[in-house]
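Numbering (the numbering used here), first residue to last: 11 to 426.
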C-alpha cells in the first residue's frame, strides 16, 4: 500500500505487469512439471489421467515462417472470437489448442493401456462383440469409466431384460418323450455355414415366409436363392415330458445366439436343451395345414458364433447329439441330417432371378396384382387351391430329386 501511495497509477501498472510475468512463469513451470511427471507414468492410465487433468502437457508455441511467435489469445483467432472466448485459446494456458484455432484442435494423448493385462476384460479385444466392431484400447469400461454396449457384461445384462421368473414345473417324467422324425426346412442365400443354433420351419412355415417376406422383392430379400430340407429326429427330455409336452416355447436365434430374455434361466436350465416351436398366423397365406417355426439350440447358445469359446461350448453343450442315437438326455435331444435342396428359380421357372429381375422386368410375385410377371407359381396368395398345389409341387420335386429319402414325413404337433 505504501508503494502504491508513493508512486500512484504508474505503480499500479507496474504491479499488474509483475503479476502477469509471475503468472506466466508459474504456468510454464506447472506445464513442465506435468510433462516430466507424465513421462514417468505412461504405463499407468489413472496416473496419466490425473496429470492431464491437473495441468496438461507443455506444447511448443506456434511460430510463423518469419520466426515471430503467433498471438495465442482467443481474440486473435477469428472463429474463437466469434464464440466470445477470452484469454488464450491457440494454445490455451494448458498448452492445448481449441477446435476454433486456425490449425484445429490439439490431440490430447490417450492414457496408456500397457499396464492392463493382455487377458483383461477391460480391453476391447477380449470382448468379442467389441472386437467384431474393430474397437481398440479399453472398452469395458473405457478410460471415462463407462462400459460400451458391446462389452460381455453389458450383453449379459441385456439378455436378462424382460425375463420373467422361472416357470413352476411338474416333476420330470419317468422316461423321455417319444421319438419323432420329421422334415424341417430353411431358406438361404448362396452362403454356406455349419448350423449350430438355428430357427427352422416346416414346409408350410417356409412357404408362408417366402410369400410374405421374400418373393415380391427384386432381388429377393437377403438374396435368398434356395430351399433346404433337413431330416430331424428329436425327443423331449424327462423334464419336458413331465410337463406333458414334446416341445418347449419357441426362442429366436440370431447368429447362433438365443436372443430372447433369460434363455438359460427359462429354458435350458429347467428343461434341458430341447426343441421349441410356435405356430404362424394362418390368415395371411392359404396353406393346407398348420405353419410352424422351430428352434434348435446348438452349443454355447448364450453367445454369438464369433463369441463361442471351447469353455463355453463345454459348459453349454446344446441339444444336438454327438452320435446317431437320440437319448432324450439334457444334451441329446435331436439329430439333424441335410436331405436335399431346391433352387427357388426352379419353382418360378425364372433362371438367375436375383440377377435378371431388374433388367428384364420379370417378377415372381406382385402384392398389388396378386400375381407374377413371367411366372404364375406364386399367383393367388390367399387361394386355398393354389396354396395346396404349391406345397404339393415342392414336396413332389424333393421326392423326385432325392429318392434316397422318404417322400414325406408327418409333421409333429406343435404343442408348446
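Note that beta-carbon positions come from the ideal geometry of N, C-alpha and C, so glycine has one too.
- Query: Of all Cβ atoms in chain D, is any one closer than 8 Å to the Cβ of residue 377?
  - Reply: Absence of chain D from the displayed structure is noted, only one protein chain being present.
- beta strand (DSSP E) segments (min. 3 residues) lying fully within the segment 204 to 258: 208 to 211, 236 to 244
- Beta-ladder partner(s) of residue 98, from DSSP: 83
- Pull up the distance between the alpha-carbon of residue 61 and that of residue 134, whole angstroms please. Only weak support exists for where residue 61 lies, its pLDDT of 44 falling under 50; the coordinates are left without a value.
- Message: Can you give me the C-alpha to C-alpha distance between residue 408 and residue 389, rounded to a whole angstrom?
- Response: 21 Å
- Is the segment 283 to 292 close to the segment 389 to 404, with three or more CB pairs under 8 Å? Here the segment 283 to 292 does not lie against the segment 389 to 404, with fewer than 3 beta-carbon pairs under 8 Å apart.
- Task: Give, in chain order, every unbroken run of the alpha helix (DSSP H) that is at least 4 residues long and sits entirely within the segment 271 to 358.
- Result: Runs of the alpha helix (DSSP H) inside the segment 271 to 358: 320 to 325, 355 to 358.
- Item | Contacts around residue 356, its chain only, beta-carbon distance under 6 Å, and the 5 residues preceding and following it disregarded | none
- Of the choices 185, 314, 204, 373, whose alpha-carbon is the least far from that of residue 141? 314
- Task: Go ahead and pull the three-state DSSP assignment for residue 425.
- Result: Residue 425 sits in coil when the DSSP states are folded into three classes, being neither helix nor strand.
- Cβ neighbours of residue 405 in the same chain (closer than 8 Å, five flanking residues each side left out): If we look at residue 405 and ignore the five residues flanking it on each side, its Cβ neighbours are 213, 417, 418.
- Item | Candidates 352, 147, 318, of which the one nearest residue 125 by Cα | 147
- Item | Nearest neighbour of residue 218, chosen from 106, 299, 372, 345 [CA to CA] | Residue 218 has its Cα closest to that of 299, out of 106, 299, 372, 345.
- Message: Going by C-alpha to C-alpha distance, which of 395, 422, 104 sits closest to residue 296?
- Response: Comparing Cα positions, the closest option is 395.
- Task: Locate the alpha helix (DSSP H) running through residue 411, then write down its first and last residues.
- Result: 394 to 411
- Query: Leaving out five residues before and five after residue 366 in sequence, what residues of the same chain have Cβ atoms less than 8 Å from its Cβ?
  - Reply: 360, 372
- Message: Looking at the strands, I want to know which residues DSSP matches up with residue 430.
- Response: Limits of the chain in this structure are 11 at one end and 426 at the other, which puts residue 430 out of reach.
- residue 247 versus residue 176: straight-line alpha-carbon distance, rounded: Going from the Cα of residue 247 to the Cα of residue 176 covers about 18 Å.
- Per DSSP, what kind of secondary structure is residue 368 in: helix, strand or coil? helix
- CA nearest to the CA of residue 190, picked from 127, 343, 398: 343
- Message: Assuming residue 89 is part of the alpha helix (DSSP H), what are its boundary residues?
- Response: Where residue 89 is concerned, the enclosing alpha helix (DSSP H) stretches over 88 to 92.
- From what residue to what residue does the beta strand (DSSP E) around residue 374 run? 373 to 376
- Query: Taking buried to mean at least 16 other C-beta atoms within 10 Å of its own C-beta, is residue 348 buried or exposed?
  - Reply: exposed
- Helix, strand or coil for residue 420, going by three-state DSSP, please let me know. coil
- When DSSP labels each residue in this structure, what does residue 268 get in the three-state scheme? The three-state reading of DSSP puts residue 268 in strand, counting E and B together.
- Message: Once the 5 residues before and after residue 85 are set aside, which same chain residues still bring their CB inside 6 Å of it?
- Response: 91
- Item | Cα-Cα separation, residue 41 to residue 104 | Residue placement at residue 41 cannot be trusted, given a pLDDT of 49 that sits under 50; the coordinates are not used to answer.
- Message: Quick check on residue 391: does DSSP put it in helix, strand or coil?
- Response: coil
- Query: Does DSSP classify residue 361 as helix, strand or coil?
  - Reply: coil
- Message: Only counting the same chain, and skipping five residues up and downstream in sequence, which positions put a Cβ closer than 6 Å to that of residue 358?
- Response: By the criterion of a C-beta distance shorter than 6 Å, residue 358 is surrounded in its chain by 374, 385, 387, once the five residues flanking it on both sides are discounted.
- Exposed or buried, which one is residue 251 when buried takes at least 16 other CB atoms within 10 Å? buried
- Task: Consult DSSP for residue 128 and reduce its assignment to one of helix, strand or coil.
- Result: coil
- Quick one: give me the first and last residue of the alpha helix (DSSP H) that residue 135 is part of. Neither: residue 135 is in no alpha helix (DSSP H) and is coded neither H nor E.
- Item | C-alpha gap between residue 370 and residue 305, whole angstroms | 38 Å
- Could you name the residues of the same chain whose beta carbon sits closer than 6 Å to that of residue 243, not counting the 5 residues immediately before and after it, in chain order? 191, 336, 345
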